[in-house]
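To convert, take the position in the sequence shown, counting from 1, and add 349; that gives our numbering. Even glycine gets a Cβ: it sits at the ideal position worked out from N, Cα and C. To start, the structure itself, in structure tokens.
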Amino acid sequence: MSVRTRFGRVRQTLGSSIERFERVFDSERNQDNLAAFLFVLPNLVVFSVFLFGPVLFAFYLSFTDWNVLTADPNWVGLDNYVGILTPAPWADGWAVLDTPTTNLWWHAVKQTATYTIGTVPLAISGGLCAALLLDRDIRQKQLFRAAYFMPVMLSGAVSAIIWRWILNQDGIVNTVLEPIGLAHNWGGDPSTALFAVMLIAVWGGIGFNMIIFLAGLQNIPEELYDAARIDGTNGWQRFRHVTWPNLQNTYFFVIVLSIISSFQVFAIAMTFAEGGPYYATTTIAMLIYQEAFEHGQMGEAAAMAFVLFSIIFAFSYYQYTVRGNEEVNY
């Protein structure tokens, strides 16, 4: 084949490609899509380099035994995953869950689950009640909304410091309870330290959920309430048949976000009691931090992080595929 023939075929191929490209982006809609992609492209690049890349590296580290003081990671396969998951929680009559030194991972899972069960329902129900009260025409409504939302503007660490001072042995709470003999070291007792952390989370979670529920309430058409009043319904019936069905999407979003956040709790537990006393406030995120940055076991900490990711992913997948497809009955 001559050089001229080859050159002709290459030119023909390039011409066809250019024509196809022009046809794809000839329409105004496709041009808008291309412009939108170009605007998003820098964010995709940053995400890939600074977020997705480290996630892949952490996944690799989860299969290694790497201490920050050593030179190179040592490949150990699934040993990190087997090590953190054994012995199983049901071994020895579930005694593993009551003995942190036997398996600290399952103890942290139990503490995190207890924290989630204790905080999520209270924070959601409290936020809904506050939203229902502040959605009415009352005096100083904006002031009350700001007061309820104020804890959300504080970081978890700041909130924990404030409540640690309030619940201290010589704090405000014990000053009030001491005359009646109910003073207690709330943060220093292993039996009450986790409940103190839960109190902080509920205090801050109510305001955040209130704002989301308020947004949902304000999107409900007033005509539905007018029709319900014409039918002679009372306040509870309007809530049951009008408000609640129209808040299903909002409620679904709040519960998913609250549970995911509760499984990632770290700042409150770290600042309030640093995981103690006697592992009472050691949550999963707290344990991952301790293994990685206090004990230097990066490989084991990475394995714990991906097990936590699997738990959150499984829950989210269930919520969006099973509960998300349920029909709302009005």
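- Ranked by how close their Cα comes to the Cα of T461, the residues P436, M619, Q613 have Q613 in first place.
- Taking 9 Å as the cut-off, the Cβ atoms of L606 and A634 do not count as close.
- Closest in C-alpha terms to G467, from the list L387, L483, V546, comes V546.
- Here DSSP, grouped into helix, strand and coil, assigns W512 to helix.
- A distance of 9 Å or more separates the beta carbons of L471 and H456.
- In this structure, E649 sits away from G426, with a CB-CB distance that is not shorter than 9 Å.
- In this chain, the alpha helix (DSSP H) harbouring R587 covers 584 to 587.
- Using a Cβ-Cβ distance cut-off of 8 Å, the stretch 560 to 575 and the stretch 477 to 495 are in contact, since at least three pairs of beta carbons, one from each stretch, lie closer than that value.
- Per DSSP, reduced to three states, the secondary structure at W424 is strand.
- Beta-bridge analysis with DSSP links Q646 to N416.
- Less than 9 Å divides the Cβ of W535 from the Cβ of A542.
- Taking 4 residues as the minimum length, the alpha helix (DSSP H) runs contained wholly in the stretch 417 to 485 are 428 to 434, 453 to 483, in order along the chain.
- A contact between stretches requires three or more CB pairs, one per stretch, nearer than 8 Å, and the stretch 519 to 529 fails this requirement with the stretch 499 to 511.
- Distance from the CA of A629 to the CA of S540, rounded to the nearest whole angstrom, comes to 7 Å.
- Shown here for L566: same chain residues with a beta carbon closer than 8 Å to its own, the five before and five after excluded, namely A480, L481, D484, T592, L596 in chain order.
- Burial is judged here by how many other beta carbons sit within 10 angstroms of a residue's own beta carbon; A654 has at least 16 and is buried.
- Between S665 and V469, the C-beta spacing is not below 9 Å.
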